[in-house]
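**Student:** If you're matching them up, the sequences are chains A and B in order. Position in the first sequence (from 1) plus 13 gives the number in the numbering used here. Position in the second sequence (from 1) plus 332 gives the number in the numbering used here. Here you go, one structure.
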Amino acid sequence: MMRITAPELEIAVLVLGMVILMVEAFAAKIDKRILAFAAIAGLGIILIASFLVAPYASPNQATGFWSFYTADGLSIFFKQFALLSTILVLIMMIDYAPVVRRSFPGTRNGLGEFFAVPMFTCAGLMYLVSAIDFVFIFVSLELVTISFYVLVSFTRRNPLTLEAGTKYLVLSALSTAFLVYGIAWIFGVTGQTNLHWLTEALANPATDRSAALLGMVFVLVALGFKIAAVPFQIWVPDVYQGAPTPVTAYLSVASKAAGFVVLLRVLLPFVTLPPIQRLLVLIALLTLIYGNLAALPQTNLKRLLAYSSIAHAGYLLIGVVCFDARAVTFYLAAYLLMTLLSFAVLIIVAQQTGEEISDFDGLAKRSPFLAFAMLIGMLSLAGLPFTAGFLGKFFIFYAAVLQRQMALLVVGVITVGCGFYYYLKVVRAMYWQSGVNTDKISVNGLSRLTISALVIGTIWLGVYPQPILDALQR
Amino acid sequence: MVLFTIFCPIIAAILIMVGAPARKTALAASVLTFAAALFLLTSFDYGQHNFQRVTSFTISPEWRLSFTTGIDGLSLVMLLLATIVTLAAVWFAGIIERYENAFYACLLFISGGAIGAFASIDLFFFYAFHELALIPTFLLIGIWGSGNRVAAAWKITIYLAIGSFILLLGLILLYQSIPAASRSFDIRALQAAASAGQITADAQRHIYLLLLIGLGILVSLFPFHTWAPEAYASAPAPAAMLHAGVLKKFGLYGLLRLAIPLLPEGARHWANLLVILLLGNIIYVGLVTIAQKRLDWMLGYSSVMHMGYIFLGIASAGILGVTGAAVLMFAHGLSIALLFAIAGELRQRTGTLVFDELGGLGRVMPFAGLAFGFGVFAAVGLPGLANFAGEIMIFFGSFKNGWVMGRFHIFQIATVLTLWGVVISTVYMLRAYRKTFMGTLNEKWKELVDLRPTLRLPVALLVGALLCYGFFPQSLVRIVVPKFRTYLTANRHLTDTECRSHGAVSATGAEFIASLGQPPQDSRDKKTPALKARLTESRFQRSYWYDRIPGALPQAHVRKAPLALNSHGTVRRPHGVTPDEGNAPQGRGYNICEIACR
Chain A
14 MMRITAPELE IAVLVLGMVI LMVEAFAAKI DKRILAFAAI AGLGIILIAS
64 FLVAPYASPN QATGFWSFYT ADGLSIFFKQ FALLSTILVL IMMIDYAPVV
114 RRSFPGTRNG LGEFFAVPMF TCAGLMYLVS AIDFVFIFVS LELVTISFYV
164 LVSFTRRNPL TLEAGTKYLV LSALSTAFLV YGIAWIFGVT GQTNLHWLTE
214 ALANPATDRS AALLGMVFVL VALGFKIAAV PFQIWVPDVY QGAPTPVTAY
264 LSVASKAAGF VVLLRVLLPF VTLPPIQRLL VLIALLTLIY GNLAALPQTN
314 LKRLLAYSSI AHAGYLLIGV VCFDARAVTF YLAAYLLMTL LSFAVLIIVA
364 QQTGEEISDF DGLAKRSPFL AFAMLIGMLS LAGLPFTAGF LGKFFIFYAA
414 VLQRQMALLV VGVITVGCGF YYYLKVVRAM YWQSGVNTDK ISVNGLSRLT
464 ISALVIGTIW LGVYPQPILD ALQR
Chain B
333 MVLFTIFCPI IAAILIMVGA PARKTALAAS VLTFAAALFL LTSFDYGQHN
383 FQRVTSFTIS PEWRLSFTTG IDGLSLVMLL LATIVTLAAV WFAGIIERYE
433 NAFYACLLFI SGGAIGAFAS IDLFFFYAFH ELALIPTFLL IGIWGSGNRV
483 AAAWKITIYL AIGSFILLLG LILLYQSIPA ASRSFDIRAL QAAASAGQIT
533 ADAQRHIYLL LLIGLGILVS LFPFHTWAPE AYASAPAPAA MLHAGVLKKF
583 GLYGLLRLAI PLLPEGARHW ANLLVILLLG NIIYVGLVTI AQKRLDWMLG
633 YSSVMHMGYI FLGIASAGIL GVTGAAVLMF AHGLSIALLF AIAGELRQRT
683 GTLVFDELGG LGRVMPFAGL AFGFGVFAAV GLPGLANFAG EIMIFFGSFK
733 NGWVMGRFHI FQIATVLTLW GVVISTVYML RAYRKTFMGT LNEKWKELVD
783 LRPTLRLPVA LLVGALLCYG FFPQSLVRIV VPKFRTYLTA NRHLTDTECR
833 SHGAVSATGA EFIASLGQPP QDSRDKKTPA LKARLTESRF QRSYWYDRIP
883 GALPQAHVRK APLALNSHGT VRRPHGVTPD EGNAPQGRGY NICEIACR
């Protein structure tokens, strides 16, 4: 068995992406969904291969490639996370294909890139979680962001999508500017971009700490944009609502997860400085309050999920404040399952009826399977025991209690109550109200399999988390 | 067998969801669960105070989290309550017009959640099983409820969700307050750590406050009670029976299981707060109940009010009060289930529950009137029905055992006010009975039919249980006391209080015991043990006819050691007789005098 090293994973993904792109360009007559299946198969092989990679944390004084790339346990876990979420998003894209095709009337082109670009995003995410140097963080972040520019505005005939794409482009470019400016400040002060050497440089009493903090604040602005923290969250509702739904799911799960990994890595040198701690607590409080309160009056499910993703960023920020990487990672794993589950059901129902919550009325009669899957998704997002979401919140609150973060705990409990309201609004629509449209919704085999797997995964992780906890130990 | 009791309703609910015939499966499951609970009751080892029938599956060794279930005295009583009320509720559900499958599935999920919570020894699953019942309640009230059901469903769900998360914070703090080496989610391990004094007094106060507020919200303690009346008024009758009868007791069970044994310092610190809040429950909510004009609202408020009695028993933290609380929990569950069942039937037949519109129904529905009468008198606390046994023990226990503050014995003041509450509850209960079933018959209701014969069986079950445990409360007391005696003596602080307060009245106590035929024993006595035993054989040792109730354990011929006073005037057992800690005699159990005078 040949030993696979971590960088080969991303290279494989990039090669896969390019192959799919070439096939799409030169074999115009085939059913484009074959490309999607090929991509899923390829990514699946790479995912299996990733379990064979031995973690290799780059030594502190490394030079060359390993000075900006690490393959420790955290990055391997999140590479698998990115691969899994890309596979699930591709499955959702197959379901969504008819909608995309409708925005290119008359031609059969255009759908292939929809399946090919996520490969590059995936590679970018995988590089991002391994990055331990600011410049490499910047480069991988750009790869991810530019791929998302294409994906977000893919169905460009829809004016809502174009608005989403433009907002994302402009605000993302602005945040990247902040990132580069912050990196420049930090480099100017300490002369380092490698995170480990940065820690050493900051420990040196001669460095100007306040200047480094200023640079760090700029970097936090950029990362806050990525993870949808307040006050950098303005783009989230419009972009999430306007983008094609699988892309929204991808953005909400994978991009946020990678953002949190970078946040954890980047904060490590600065975590001992109290101003950063207070700033993070403030951001966490604002994010929790804003995300939950803004979600209460929503009637569009996609927009509701957008605001709820802001709220979940708030819970994750509680974990970051307490600097418990394991709680954050577990929550992200649970978040992947429950969010992708909700979006998968949303895509199928939206094609038949619509995206509003009122379009879910009477879903229990139309498709008990989808209604039950959505029920589990919503309950897990709310945080009911026996689901993965509850254990995620449990670990986050555990860390907060350990650190006696009173304000975060009080606000956290109140926002959980808010969350119960807006998630149960969907449950109410499905089970209480009777819908106008009463024909059955059929679900094709692959989607049924995926949704069942996600439901089982959510409940399994909620009851028996030990395998994931073991995986996170490494 | 315990696992069967937990999972039978849950599996039945899943089967119903995938298409099994709803009512038949639900009835079969509840009958089977009830039979299993009866089996557990008859095979229960009364002497042992530890958990019995423990099964354990490890989930996470790192967190010492395992799915552990088992029963002891308190859980057995709660399990019995849960299964009886489930059977009655499922039976009363009748034919549901829409989504019958979902209705019965929700009922069974609530039941399974309650049973699982009572049977769990692991803190995590104790919490998780209770949450299992939250969403089915939401659906039951929202879909099949009446009146302002939408608002009621939202209110109860969000209120209880917030309460549960406050409880979760308390539980996390409890887990963290134990040194890392001995941390565990297992309640027995927590008990051991607490007895070893590993939870600091400061931590105890904080944890107890969190648990009190969290569990208090779940039990509708005074300022946090507003969710209950609306929810019970709008809920369909079976849901109200299950929630008011069983699920509410989860919070009280949590206090008895966790807060008092593990956090005695916290309990004593916040006892005054609890007393003031429970007086709010009794007096304030009691007066509000009198003002109600509808039967369902009155019953909702009355269930809130009666929680005050149970809180008083728990707050007194003496063995008499706590035993009374446990008995009243059981009895109240049965009585409120009965009342809600009849109220539901009335609502179905007449469409209204406003007092002024009902009247004289006893003429057309005599059986329902009789059953409602039993429920009313049980709630009032008439002797002969199980509530009285619980209430009398609570009153005596809190009057005697409470803490003293300066000159004021706050518990004695509280007991006096609670007795006012008895009068208040009599007023509204009897008024409800009179207005509904007595008086002149309204023309509209001339054609009403009485309860059909099949429904009379669950009613008879509930009334029968109330009467049985009303006349023989010993059977309940004997189940719970070994457990309470253990942890209330494991807390040396509390027994010191008891001993001190008892020592303070030892002269009276000596007279009392002497009057029962037991002379105080002098340690310089030269008589042989056999002679002593014969001379001091007292009424405590004679076997009474009620000890030979069929179904109770065969009476071992163990002579209970006579209580005696030593020269210091405190009660102790004479030499030569082994103390009964850990191997309590399989004899009669404990009658009230013995508990009080220990």
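For glycine and all other residues, C-beta sits at the position ideal for the given N, C-alpha and C.
Return the residue from the list A/Phe336, A/Lys92, A/Phe128, A/Ser88 that minimises the CA-CA distance to isoleucine 104 of chain A.
**Tutor:** Of A/Phe336, A/Lys92, A/Phe128, A/Ser88, the residue nearest in Cα terms is A/Phe128.
**Student:** Could you give the distance in angstroms between the alpha-carbon of valine 449 of chain A and the alpha-carbon of glutamate 429 of chain B?
**Tutor:** Roughly 20 Å between the two C-alpha positions.
**Student:** With DSSP run on the structure shown, which of helix, strand or coil describes serine 478 of chain B?
**Tutor:** Correct three-state label for serine 478 of chain B: coil.
**Student:** Give me the Cα-Cα distance between serine 635 of chain B and alanine 657 of chain B, rounded to the nearest whole angstrom.
**Tutor:** If you take the alpha carbons of serine 635 of chain B and alanine 657 of chain B, they lie about 15 Å apart.
**Student:** Can you find a CB in chain B that lies within less than 9 Å of the CB of isoleucine 302 of chain A?
**Tutor:** No, isoleucine 302 of chain A lies away from the interface with chain B (no Cβ there is under 9 Å from its Cβ).
**Student:** Assuming glycine 612 of chain B and alanine 718 of chain B make a contact with CB atoms under 8 Å, what is their CB distance in whole Å?
**Tutor:** Not confirmed; about 26 Å, so no contact.
**Student:** If you check the beta carbons only, do serine 63 of chain A and leucine 22 of chain A fall under 9 Å apart?
**Tutor:** A contact, by the Cβ cut-off of 9 Å.
**Student:** Output, in chain order, the set of chain A residues within a Cβ distance shorter than 9 Å of glycine 479 of chain B.
**Tutor:** None at all; the shortest Cβ gap to chain A is about 15 Å.
**Student:** Which residue from A/Pro72, A/Ile409, A/Ile289 puts its Cα closest to that of phenylalanine 497 of chain B?
**Tutor:** Checked all of A/Pro72, A/Ile409, A/Ile289; the closest Cα to phenylalanine 497 of chain B is A/Ile409.
**Student:** Measure the C-alpha to C-alpha separation of alanine 412 of chain A and alanine 493 of chain B and round it to an integer number of angstroms.
**Tutor:** Cα to Cα, alanine 412 of chain A sits roughly 20 Å from alanine 493 of chain B.
**Student:** Beta-carbon within less than 7 Å of threonine 203 of chain A's beta-carbon, same chain only, minus the 5 sequence neighbours each way: which residues are those?
**Tutor:** So the list reads Leu211, Ala214, Leu215, Thr220, Ala225, once near-sequence residues are dropped.
**Student:** Take alanine 241 of chain A as the anchor and find which of A/Gln365, A/Glu176, A/Leu329, A/Met35 has the nearest alpha-carbon.
**Tutor:** Checked all of A/Gln365, A/Glu176, A/Leu329, A/Met35; the closest Cα to alanine 241 of chain A is A/Leu329.
**Student:** Can you tell me whether phenylalanine 399 of chain B is helix, strand or coil according to DSSP?
**Tutor:** Residue state, collapsed to three classes: strand.
**Student:** Any beta carbon from chain B within less than 9 Å of alanine 324 of chain A's own beta carbon?
**Tutor:** So no, alanine 324 of chain A is outside the interface.
**Student:** What does a CB cutoff of less than 8 Å around leucine 292 of chain A pick up in its chain, not counting 5 residues either side in sequence?
**Tutor:** Contacts found: Val230, Leu233.
**Student:** If we ignore side chains and look at the alpha-carbon of each, how far apart do leucine 588 of chain B and leucine 595 of chain B end up?
**Tutor:** So the two alpha carbons sit approximately 11 Å from each other.
**Student:** Given 8 Å as the limit, tell me if alanine 442 of chain A has its C-beta closer than that to any heavy atom belonging to the ligand NAD.
**Tutor:** Ligands displayed in this structure: none; no statement on the ligand NAD is therefore possible.
**Student:** Identify the residues that DSSP records as bridge partners of phenylalanine 389 of chain B: which are they?
**Tutor:** Answer by DSSP bridge pairing, in chain order: B/Phe399.
**Student:** Around the Cβ of valine 423 of chain A, are there at least 16 other Cβ atoms within 10 angstroms (buried) or fewer (exposed)?
**Tutor:** Exposed.
**Student:** Hey, is tryptophan 486 of chain B's beta-carbon within less than 9 Å of any beta-carbon in chain A?
**Tutor:** True, the Cβ-Cβ gap to chain A drops below 9 Å.
**Student:** With distances taken from CA atoms, which of A/His209, A/Leu264, A/Met35, A/Gly125 is nearest serine 185 of chain A?
**Tutor:** Residue A/Leu264 is the option with its Cα nearest to serine 185 of chain A.
**Student:** Specify, as a first and last residue, the run of the alpha helix (DSSP H) that threonine 285 of chain A falls within.
**Tutor:** Where threonine 285 of chain A is concerned, there is no enclosing alpha helix (DSSP H), given that its DSSP letter is neither H nor E.
**Student:** Quick one: what does DSSP say serine 452 of chain B is sitting in, helix, strand or coil?
**Tutor:** Strand.
**Student:** So, does the CB of isoleucine 427 of chain A fall closer than 9 Å to a CB anywhere in chain B?
**Tutor:** Judged by the 9 Å Cβ criterion, isoleucine 427 of chain A is in contact with chain B.
**Student:** Hey, quick one: how far does the alpha helix (DSSP H) through threonine 558 of chain B stretch, first residue to last?
**Tutor:** That residue, threonine 558 of chain B, is in no alpha helix (DSSP H); it is neither H nor E in DSSP.
**Student:** Going by beta-carbon coordinates alone, are isoleucine 488 of chain B and alanine 465 of chain B separated by less than 9 Å?
**Tutor:** Result no, Cβ atoms of isoleucine 488 of chain B and alanine 465 of chain B do not sit closer than 9 Å.
**Student:** Give a yes or no on whether 9 Å exceeds the smallest Cβ distance from tyrosine 344 of chain A to chain B.
**Tutor:** False, the Cβ-Cβ gap to chain B never drops below 9 Å.
**Student:** Per DSSP, arginine 626 of chain B is paired with what?
**Tutor:** According to DSSP, which records beta bridges pairwise, arginine 626 of chain B is partnered with B/Val686.
**Student:** Does DSSP classify valine 26 of chain A as helix, strand or coil?
**Tutor:** If DSSP states are grouped into helix, strand and coil, valine 26 of chain A belongs with the helices.
**Student:** Using the DSSP secondary-structure output, state which residues sit across from asparagine 313 of chain A in a beta bridge.
**Tutor:** According to DSSP, which records beta bridges pairwise, asparagine 313 of chain A is partnered with A/Glu369.
**Student:** Which chain A residues sit within Cβ distance under 8 Å of tyrosine 459 of chain B?
**Tutor:** Within chain A, the residues near tyrosine 459 of chain B are Pro398.
**Student:** Just to make sure I have the definition right: I need the residues of chain C whose C-beta is within less than 9 Å of the C-beta of tryptophan 445 of chain A. Which are they?
**Tutor:** No chain C is present in this structure, whose protein chains are A and B.
**Student:** Is the distance from the Cβ of glutamine 24 of chain A to the Cβ of alanine 52 of chain A below 9 Å?
**Tutor:** Here residue 24 of chain A is isoleucine; the residue named in the question, glutamine, does not match the sequence. Cβ atoms of isoleucine 24 of chain A and alanine 52 of chain A: not closer than 9 Å.
**Student:** Skipping 5 residues on each side, what residues in its chain have a beta carbon closer than 7 Å to that of alanine 560 of chain B?
**Tutor:** Hits under 7 Å: Ser552, Gly632, Ser635, Val636.
**Student:** For leucine 590 of chain B, which residues from the same chain have a beta carbon less than 7 Å from its beta carbon, with the 5 sequence-adjacent residues on both sides left out?
**Tutor:** These residues qualify, in order along the chain: Leu543.
**Student:** Identify the contact partners of arginine 441 of chain A in chain B, using a Cβ-Cβ distance below 7 Å as the criterion.
**Tutor:** The contacting residues are Gly474.
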